[in-house]
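Step one of this worksheet: look at the structure below.
Protein chains: 2
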Amino acid sequence: MAENKFFKDIDDSLERYQQELCEFLRIPSVSAYSENSDAMRCSAEWLLGRLLDIGFHGDLIETNGWPIMLARHEHRKEAPTLLIYGHYDVQPEVPLEEWKTPPFEPSIRNGAIFARGANDDKGQLYTYVKALESYQRVRGELPLNIIFLAEGEEEIGSKNLLRFLKENGDKLRSDIFFVSDSSMLSKDIPAVTCGFRGIVSFEIALQTMKKDLHSGLFGGIALNATEVITTLLAKMKNEDGHITIPGFYDDVRPLSSRECEAMAHLPYDEAAVAKSLGMAMLHGEKGCSAIEKKSARPTLNINGIWGGFTGEGPKTVIPARAFAKISSRLVPNQSPEKVFRCFENFIRENIPTGVETDIRFLFGATPVVTEIDDPNVRMAAEAIEEAFGKAPAFIRSGGTIHIISEIKDSLKIPSMLILGWGRPENGSHSPNECFYVKDFRNAIRSLCLLFDKIASNGQDK
Amino acid sequence: MAENKFFKDIDDSLERYQQELCEFLRIPSVSAYSENSDAMRCSAEWLLGRLLDIGFHGDLIETNGWPIMLARHEHRKEAPTLLIYGHYDVQPEVPLEEWKTPPFEPSIRNGAIFARGANDDKGQLYTYVKALESYQRVRGELPLNIIFLAEGEEEIGSKNLLRFLKENGDKLRSDIFFVSDSSMLSKDIPAVTCGFRGIVSFEIALQTMKKDLHSGLFGGIALNATEVITTLLAKMKNEDGHITIPGFYDDVRPLSSRECEAMAHLPYDEAAVAKSLGMAMLHGEKGCSAIEKKSARPTLNINGIWGGFTGEGPKTVIPARAFAKISSRLVPNQSPEKVFRCFENFIRENIPTGVETDIRFLFGATPVVTEIDDPNVRMAAEAIEEAFGKAPAFIRSGGTIHIISEIKDSLKIPSMLILGWGRPENGSHSPNECFYVKDFRNAIRSLCLLFDKIASNGQDK
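Residue numbers (my numbering), protein chains in the order written: chain R, 921 to 1381; chain B, 921 to 1381.
Encoded structure:
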């Protein structure tokens, strides 16, 4: 059986695959550190090297920031082209003292590789490289065209990849868009991610008076900016957790019956999750399930608020200025620009006369959704079930990967597969980040099987 | 006429009185600077010296902080005893670059003495010393007993005077309590201050979850601490500016008809004040006049609020912790402790289950009120009218001088006179603080006349 050949090759190579991943993880490619040029370049070159080893050609593309790695394997004009996206940069390793073993000295214990980037995204990304290797060894050749794109700025906003995309979109034309940067539902249940929420993020600055005033001399007649902002923010949601901004929900696409059904079957222990987060219960919109609230419903969160005196002890001041950072996660078909305008209108209508109001758009990303009926989604689910021995859940991620919606929208790629092999508890962005070797293996298996299915399907067309 | 003799003596001595005040102002007695021992001691000794010059005896009293100056002139067992309170310490001079002339090099221009402390409180306090001198020169002797108390920590909380008061209250027993630390209504209208508001100040710290969470992964089910605190704070006042904390207004003593009348006659240009503060209009409680709101009504102000990410740019975090500093100015007969308990109850009842809440009392001060019908108040008003050529307004100060309520309450002094000679625009605590020579003179006149009236009244008893 074909499966067995893949599985056998992967098992035979697994020790070496792991060691290679550890090599990749040893490169401290923290994109946030501006003096990190050597490590960033080294990381991109290392990844490119592993693709050149297996028949790709490619280069590093220079940008105003960290280089983009773009490698191609295109020998079959008639076959579908897969665009594989991931990133070779990692989050800062701080706080260093909380790591049990050093973040850039990978350590394997309890079946997992511990290192910064093990899960996000080097480990997950590397499953594609090794699947492409095993596939070629077993099948002799690659029946698909592959464009392998890895950036070094995902953790800092993808600014230069966005620019590259605008100018060189035609270099990335493809039929299926693979995204390596998501996660499984739980340690036992793999997943196909059918969408990411979008986001709109903005900042409000209010000034109610020329300057801060003495609360004794002016208390009772002054206009306290922190009071204005708290009153304003409190008005944005009602007691049922519904957002009260006029127009906010207008473009929310209701879940289809298949989506509802898929969500209803997901196991989710609300009490356990609440306990693990240190809450008496899960909160949010009345009338929605927890899964729906955290992945398929739009949200509104204050990310930061400040104004007045925040030092030690008392200061009896009436603050003249107050600030808040706010963001909303968006769902299909909400638009960041349109939702931002709803907020703007609401704020201007609910601020007392004479208050100077500065509302600044910080960033936005369109929600993305993979149609659950897409044949590629079905094939991915079958491949994962064969590889993991367990059917994947169809989930939506509550998060946002800005660059994904940009790539999908600007390149108009018809099909998207968001396949994640990390467990939620793997600690992306946290100390002691890890990636399970078993998941690494099953992911490579899944991809080999899926490439086979896509190739047959493509040839059947 | 008696008046003329006082006025003539004061006019004859005015040049010297001014020069002496400038000497006092040259001593940089900033109490906030912990390395300022020489200047603090020098300032207290200088003031004591001027009282010894005119027949007082006294000493500096050592404390854990800056010395207390206590001087006495008690030759008339049967006569009333006046306790005069003020302070010889001053606020820090920063920002230095905003001063037109150096803060500790007094400069006389446009009829005013410019220096740190000119208004708050050295200039105002020194009117008493010079009134006592002129009085004795004109009348030959002092028909009253005087206890002259000046502290060096008014600007930093009066902690050591409070301690002294607890242990040595009997040394300050007196019949009339004079407070030198208030102001006129405006540059043309002198004032008798009939009360200070009290205050209660506290801090709220909320924790809704173990730690900050990712707004993508948990947005929709997490409990945002900044949302909890803004919702809570917004609930504390209704749209009419009334405070909604149950029990908050319970002990507010309604204004008497005489108090209402006195307030109704005060000139107050709301539009001009609003404009000068940079507001479209004055705000606050519906149904109250501006004068009432800023001096005779209790208030609620957020002095500071903070939580979540407050740096540059976006961060899509759900904050687990949020903080606010809050204070209420209180009016007779509200108690800081009781009002604090009202807030505590309200907060605990309005916080979602499971939120860790820490409510910390920072400080409190009881409101003080001078009965407008007190014969001493009447005599003070008459003296001021004769000296200034203009009847004083009866005002209440919206501010709080903690030590005053402590002195009045603990010593049970039957009568209190809060007489201020500074103009509101004299810039206490600000750069270019000043005190008008004309007001300095009229204040000394007022006090001489008032001592005479009190002495005759006392002998009439």
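Where a beta carbon is used, it is the ideal one built from N, C-alpha and C, also for glycine.
Note that the structure is a prediction, hence the values are computed from the model and not measured.
With DSSP as the reference, please indicate the residues paired to residue i in a beta bridge.
| i | result |
| --- | --- |
| Asn1221(B) | Ser1247(B) |
| Ile1124(B) | Ala1244(B) and Ile1279(B) |
| Lys1157(R) | Ile1163(R) |
| Ile1096(B) | Leu1002(B) and Ser1335(B) |
| Ala1313(R) | Ala1111(R) |
| Ser1027(B) | Phe1034(B) |
| Gly1347(B) | Bridge partners of Gly1347(B): none, in fact. |
| Gly1118(B) | Leu1250(B) |
Reducing DSSP to helix, strand and coil, say where residue i ends up.
| i | result |
| --- | --- |
| Phe1138(R) | coil |
| Ser1103(B) | strand |
| Asn1270(B) | coil |
| Val1193(R) | helix |
| Ala1111(R) | strand |
| Ile981(B) | strand |
| Ala1301(B) | helix |
| Val1014(R) | coil |
| Glu1075(R) | helix |
| Arg1057(B) | helix |
| Ala1035(B) | coil |
| Gly1089(B) | helix |
| Phe1355(B) | strand |
| Phe927(B) | helix |
| Ile1364(B) | helix |
| Met1199(R) | coil |
| Met1129(R) | coil |
| Arg996(B) | coil |
| Ile988(B) | strand |
| Trp1341(B) | coil |
Between the Cα of residue i and those of the options, spot the shortest distance and give me the residue it belongs to.
| i | options | result |
| --- | --- | --- |
| Gly1198(R) | Ile1292(B), Thr1150(B), Glu1276(B) and Gly1139(B) | Glu1276(B) |
| Pro1252(R) | Asp1171(R), Ala1210(R) and Thr1236(R) | Asp1171(R) |
| His1185(B) | Ile1119(B), Ala1311(B) and Leu1153(B) | Ala1311(B) |
| Met1104(R) | Lys928(R), Cys1114(R), Phe1097(R) and Ile1096(R) | Cys1114(R) |
| Arg1178(B) | Phe1068(B), Val1099(B), Phe1281(B) and Glu1291(B) | Glu1291(B) |
| Glu1305(B) | Gly969(B), Ala1111(B) and Glu1181(B) | Ala1111(B) |
| Leu1045(R) | Glu1257(R), Ser1102(R) and Ser1106(R) | Ser1102(R) |
| Gln939(B) | Thr1047(B), Val950(B), Met960(B) and Gly985(B) | Thr1047(B) |
| Val1259(B) | Glu1326(B), Ile1315(B), Pro1166(B) and Lys1213(B) | Pro1166(B) |
| Ser1289(B) | Ile1211(B), Asp1329(B), Glu1264(B) and Glu1159(B) | With the sequence shown as reference, residue 1289(B) is identified as Val, and Ser is not the correct amino acid for it. Considering only alpha carbons, the answer is Asp1329(B). |
| Ala1200(R) | Thr1320(R), Glu1190(R), Cys1262(R) and Gly1037(R) | Glu1190(R) |
Can a CB atom of chain R be found closer than 9 Å to the CB of residue i?
| i | result |
| --- | --- |
| Asn1346(B) | no |
| Gln939(B) | no |
| Pro1063(B) | no |
| Gly1060(B) | no |
| Met1201(B) | yes |
| Ala1240(B) | yes |
| Gly1037(B) | no |
| Ser1255(B) | no |
| Ser1100(B) | no |
| Leu1137(B) | yes |
Is there at least one Cβ from chain B nearer than 9 Å to residue i's Cβ?
| i | result |
| --- | --- |
| Asn1144(R) | yes |
| Lys1130(R) | yes |
| Trp1226(R) | yes |
| Lys1018(R) | Note on identity: in this sequence residue 1018(R) is Glu, with Lys being the wrong assignment. For Glu1018(R), the answer is no, since every Cβ of chain B falls outside 9 Å of its Cβ. |
| Ser1078(R) | no |
| Lys1213(R) | yes |
| Glu1053(R) | no |
| Leu1105(R) | no |
| Cys1114(R) | no |
Less than 8 Å between the CB atoms is what I'm expecting for residue i and residue j, so what's the real figure, rounded?
| i | j | result |
| --- | --- | --- |
| Leu972(R) | Ile1033(R) | About 24 Å; that fails the 8 Å criterion. |
| Leu1064(R) | Ile1374(R) | 6 Å |
| Cys962(R) | Ile981(R) | Between Ile981(R) and Cys962(R) the Cβ distance is about 16 Å, and since that is not below 8 Å, they are no contact. |
| Trp1019(B) | Pro1334(B) | Between Pro1334(B) and Trp1019(B) the Cβ distance is about 43 Å, and since that is not below 8 Å, they are no contact. |
| Gly1140(R) | Gly1318(B) | 7 Å |
| Gln1127(B) | Arg1241(B) | 5 Å |
| Leu1367(B) | Ile1267(B) | Actually they are not in contact, since the Cβ atoms of Leu1367(B) and Ile1267(B) sit about 47 Å apart, beyond 8 Å. |
| Val1010(R) | Arg992(R) | Incorrect: roughly 25 Å between the Cβ atoms, too far for contact. |
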